[in-house]
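Notes follow the structure.
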Amino acid sequence: MPLHKGLVKPLGRPVSRAPEGRFHPVSAEFSTEAVDGRVVASRGMATGRILLVEDEPDIAEILQYNLEKEGFAVEVESRGDAALERIRAAVPDLLILDLMLPGLDGLELARLLQRDRRTASLPLIMLTARGDEVDRIVGLELGADDYVSKPFSPREVVLRVKAVLRRASHEPPPGDELRIGSLHLDVAGHLLWIDGRGVDLTATEFRLLRLLMERAGRVQTRGQLLSDVWGYAEDVDSRTVDTHVRRLRRKLGPEADRIETVIGVGYRLRT
Ligand code: CA
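And the structure:
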């Protein structure tokens with residue numbers, strides 16, 4: 015059964031410890047090799063705290079058993095509202111979420127988690143009813159890293175869990191923090207530090223710097239910056255960009271010349 019190509023969202027807190035096996039990325043085809051990979055990987059026990067939100071006791075039990083066998087610490091919650099409280103009290107390393115739940119349904123729970131900075135990047139696998147394309151799409155839009163359609167084999171879920179955790183541990187968190195030279199941009203906290211010193215930026219300056227840092231080394235035209243930072247159409251006066259870059263440079267102090275002018279084109283942040 016081919017795996018759906020899951021959307022990759024920025025993943026926050028690093029979750030290491032998933033063992034190195036020959037797991038295929040989530041987007042790859044499910045294959046014999048991936049199944050063999052489980053054997054290879056099971057030499058080292060996986061660790062990590064998983065919260066499983068599922069109101070069908072049989073499913074919860076078999077998943078818990080199989081995940082614990084692999085070394086994961088698994089907590090089970092049967093209600094959506096109770097799960098939300100539990101997550102807010104202690105964010106797990108990964109969440110497996112059924113959609114049809116008493117108290118608060120899975121999609122609504124995912125929506126609330128995504129709105130909260132502390133949980134927005136929580137690795138999430140959704141359990142969906144077979145063939146429910148709408149749930150699947152909405153789920154992926156709400157930041158699910160992958161989904162598994164019921165009925166599923168526990169082994170399939172274990173493989174997905176390991177793949178998602180592995181991906182989370184190997185990917186830098188692009189949405190959280192950017193560091194170039196002595197610039198340190200805490201994206202979630204909306205703060206800039208230069209050599210450990212806090213610098214106040216306006217919202218626009220922050221967006222501009224973030225974009226330049228995310229695209230460091232690549233020239234950004236004034237039109238691109240206007241459209242991506244200001245959300246303007248490209249025919250708006252591009253001197254707006256120059257003015258803001260000038261102000262931003264002043265605030266960057268010793269790092270001012272990191273923003274290079276590319277004559278006749280735009281700007282580039284030197285890496
Ligand atoms: Ca259910």
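Taking the numbering used here, the leading residue of the sequence shown gets 15, the next gets one more, and so forth. Note that beta-carbon positions come from the ideal geometry of N, C-alpha and C, so glycine has one too.
Check whether residue i and residue j have beta carbons under 9 Å apart
i: M227; j: L197; result: yes
i: L205; j: L223; result: no
i: L113; j: T142; result: yes
i: G306; j: L239; result: Beyond the ends of the chain as shown, which are 15 and 285, falls residue 306; an answer cannot be given.
i: P137; j: L108; result: yes
i: P116; j: R63; result: no
i: L111; j: V175; result: no
i: E274; j: R260; result: no
Cα-Cα separation, residue i to residue j
i: K265; j: I139; result: 42 Å
i: A103; j: G94; result: 14 Å
i: S92; j: E122; result: 15 Å
i: V152; j: D271; result: 43 Å
i: T133; j: R100; result: 12 Å
i: G195; j: Q78; result: 45 Å
i: A74; j: A124; result: 19 Å
i: V276; j: R282; result: 7 Å
i: D256; j: G212; result: 24 Å
i: G245; j: R253; result: 15 Å
i: E269; j: V201; result: 18 Å
i: A230; j: S167; result: 44 Å
i: E170; j: R180; result: 15 Å
i: F86; j: I76; result: 14 Å
i: I221; j: R129; result: The amino acid at residue 221 is misidentified as Ile; the sequence shows Arg. Whole-angstrom Cα-Cα distance: 19 Å.
i: S135; j: G120; result: 16 Å
i: D214; j: A60; result: 42 Å
i: L156; j: K164; result: 19 Å
i: E191; j: T235; result: 24 Å
i: R131; j: V162; result: 25 Å
i: D72; j: D149; result: 22 Å
Proximal residues to residue i (C-beta, below 6 Å), its chain only, five neighbours per side dropped
i: E219; result: L262
i: A97; result: V67, E91
i: E89; result: L65
i: E84; result: A60, V172
i: T216; result: none
Cβ shell of residue i (< 7 Å), same chain only, five flanking positions each side left out
i: L126; result: L98
i: V178; result: V40, L108, P137, I139, D159, D160
i: D242; result: L225
i: G267; result: I208
i: H258; result: T218, E219, L222
Own chain residues within Cβ distance below 8 Å of residue i, not counting five before or after
i: V233; result: V276, V279, G280, Y281, R282
i: E70; result: D112
i: R193; result: L199
Near ligand 3: residue i beta-carbon under 8 Å from a heavy atom
i: E75; result: The model depicted lacks ligand 3 and carries ligand 1 instead.
Which residue spans inside the stretch 66-133 form an unbroken alpha helix (DSSP H) run of at least 4?
Along the length of the stretch 66-133, whole alpha helix (DSSP H) runs at least 4 residues long occupy 71-83, 94-103, 120-129, reported in chain order.
May I have a chain-ordered list of the beta strand (DSSP E) segments no shorter than 3 residues that lie completely inside the stretch 197-271?
Taken in chain order, the unbroken stretches of beta strand (DSSP E) that lie wholly in the stretch 197-271 and span 3 residues or more are 197-200, 205-208, 211-213.
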